[in-house]
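Have a look at the structure below before the remarks.
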Amino acid sequence: MDKKQISILNLKKMKQEKQPITMLTAYDYIMASILDEAGVDIILVGDSLGNVVLGYESTVPVKLSDMLHHVKAVARGVKRALVVADMPFLTYHLSLKDTLENAGKLIQDGGAKAVKVEGGSQIIEDVRALVNAGIPVMGHLGLTPQFIYQIGSYKVQADTEQEAQQLMEDAVKLQEAGVFAIVLECVPAELAAKVTDMLDIPTIGIGAGVNCDGQVLVTHDLLGFKAGFKPKFVKQYANLHEEMMKAVKSYCNEVRERKFPAKEHSF
Ligand code: KIV
C-alpha cells in the first residue's frame, strides 16, 4: 500500500481506475491511528459522534465545539488517510460568513482536510463558498440524519420515481458546485448505481449497494460495540461488545479474588 497522504485528487483517480474507496468513522486518536494503519482511505469524523460516543438520540444536538474537540484528536492519529469532518446541524445554514467561519475552524484549528455537509439544492451556495475558499467539500444525499425531525425515522430514501429524480438532480448540482465526492445513504442500490455512473466524482455508499465507488460504515457498528444494534446495511466484522464484556468481567473477578495484580505486575 502506498503510504503517501491521500488527497481528493487520488480519490478521483481511484474512481477512474475503478479502485474501490474505503471510508470509516473515527472520533478519537487511538481508533483513528488503527484505521489509518489498516489502510482506510478516508476517515470521517462523523456527527454520528452524537449517537455513538456522546449518547444522544440523534446527531442534532452535536455542536461545532464537540466536533472540533474530536477532529483534533483524530487528526493527531492520522498520517495517510484523508480526514473529513462533518459540519454539524445548523452550522452551514445561517449565512455564508457563518458557514465559512465554522468550516474554517474544523480545517484550521481541527486539522481536517475536508468537510462534509448534508443536503442538495438548498445548500449549493454554501458549497460554492466553501470550495471557492479552498475547502474541499463532500456531499451527503439520501438519508440525511440531520433532517430526522422532518423525515421521521431512519428508513430508505428516494424510493419513489419523483424522489429518485430529485436525488439525481441534487447530485449533479453538488458536482457542479464543486464537491469532490458524495455519500449516498440508504437509497435503492439501482439508483445509487445510476448516480455513480452519471457523476465524474466518486460516490461513497452506506446502505446503497455494491456499485458505489466506495463504501462507508460507522466503525463502532462494524466492530459490534453495541449489543443488539445491527441495521440491515451493516456487516459486523467483530463482536467487540462480547470481547470487552469478557475482558472486563475477568478483570473484576480477578481483582475480587486477589489474583490481579500477580507478582509479575508488582514492584
Ligand atoms: O455521521 C456519520 O457517521 C455519517 C456516515 C454514516 C456517512 O455521516
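Residue 13 is where the sequence shown starts when you use my numbering, and the numbers rise one by one after that. For each residue, glycine too, the CB sits at the ideal point set by N, CA and C. Just so we're clear, the structure is a prediction, and the values are computed from it rather than from any experiment.
Extent of the continuous beta strand (DSSP E) to which residue i belongs
| i | result |
| --- | --- |
| His152 | Val149 to Gly154 |
| Val228 | Gly226 to Leu229 |
| Glu197 | Ala193 to Glu197 |
| Ala126 | Ala126 to Lys128 |
Residue i Cβ short of 7 Å to the ligand KIV heavy atom set
| i | result |
| --- | --- |
| Ser60 | yes |
| Val230 | yes |
| Val95 | no |
| Ala218 | Note on identity: in this sequence residue 218 is Ile, with Ala being the wrong assignment. Result yes, Cβ under 7 Å from the ligand KIV. |
| His81 | no |
| Glu197 | yes |
| Asp98 | yes |
| Thr208 | no |
| Leu288 | Here the chain comprises residues numbered 13 to 279, so residue 288 is not present and cannot be evaluated. |
| Thr215 | no |
| Thr103 | no |
| His253 | no |
| Thr71 | yes |
| Thr37 | yes |
| His277 | no |
Separation of residue j from residue i, as counted between CA atoms
| i | j | result |
| --- | --- | --- |
| Ser262 | Ser45 | 27 Å |
| Gly226 | Ser278 | 49 Å |
| Leu80 | Ala38 | 13 Å |
| Ile160 | Ser70 | 8 Å |
| Val127 | Ala93 | 14 Å |
| Ala274 | Asn265 | 13 Å |
| Gln158 | Val65 | 17 Å |
| Leu56 | His82 | 11 Å |
| Val267 | Ala259 | 12 Å |
| His253 | Ala239 | 6 Å |
| Leu23 | Ala145 | 20 Å |
| Val222 | Phe272 | 48 Å |
| Val207 | Lys30 | 15 Å |
| Val149 | Ile20 | 10 Å |
| Asp182 | Leu153 | 8 Å |
| Thr129 | Leu47 | Before going on, a small fix: residue 129 reads as Val here, not Thr. Whole-angstrom Cα-Cα distance: 22 Å. |
| Thr231 | Ala193 | 20 Å |
| Val143 | Thr111 | 12 Å |
| Ala204 | Ala220 | 6 Å |
| Leu106 | Ile135 | 11 Å |
| Pro32 | Lys109 | 36 Å |
Minimum Cβ-Cβ distance from residue i to chain C less than 8 Å
| i | result |
| --- | --- |
| Leu47 | Looking at the structure shown, chain C is missing, and only one protein chain is on hand. |
Simplified DSSP assignment, three categories, for residue i
| i | result |
| --- | --- |
| Asp212 | coil |
| Ile1 | No answer is possible for residue 1: the residues shown for the chain start at 13 and end at 279. |
| Leu66 | coil |
| Lys185 | helix |
| Leu61 | helix |
| Lys98 | The sequence shown places Asp at residue 98, not Lys. If DSSP states are grouped into helix, strand and coil, Asp98 belongs with the strands. |
| Thr47 | In the sequence as displayed, the identity of residue 47 is Leu instead of Thr. Helix, per DSSP. |
| Leu235 | coil |
Residue span of the alpha helix (DSSP H) that contains residue i, given as start and end
| i | result |
| --- | --- |
| Asp40 | Per DSSP, Asp40 belongs to no alpha helix (DSSP H) and is neither H nor E. |
| Val267 | Leu252 to Arg268 |
| Ala85 | Leu76 to Gly89 |
| Lys27 | Ile20 to Gln28 |
| Asp138 | Ile136 to Asn144 |
| Glu113 | Leu108 to Gly116 |
| Gln162 | Ile160 to Ile163 |
Taking contact to mean 3 or more Cβ pairs, one atom from each stretch, closer than 8 Å, check whether the segment 136–143 and the segment 78–92 are in contact.
At 8 Å Cβ cutoff, the stretches do not touch.
May I ask you to verify whether the segment 168–175 touches the segment 199–215, counting CB pairs closer than 8 Å and requiring at least 3?
The segment 168–175 and the segment 199–215 touch, with no fewer than 3 CB-CB distances between them shorter than 8 Å.
Inspect the CB distances between the segment 209–226 and the segment 180–194 and report whether three or more fall short of 8 Å.
Yes, the segment 209–226 touches the segment 180–194.
Would you say the segment 53–69 touches the segment 93–111, given that touching needs at least three Cβ pairs under 8 Å?
Flag = yes, the segment 53–69 and the segment 93–111 touch.
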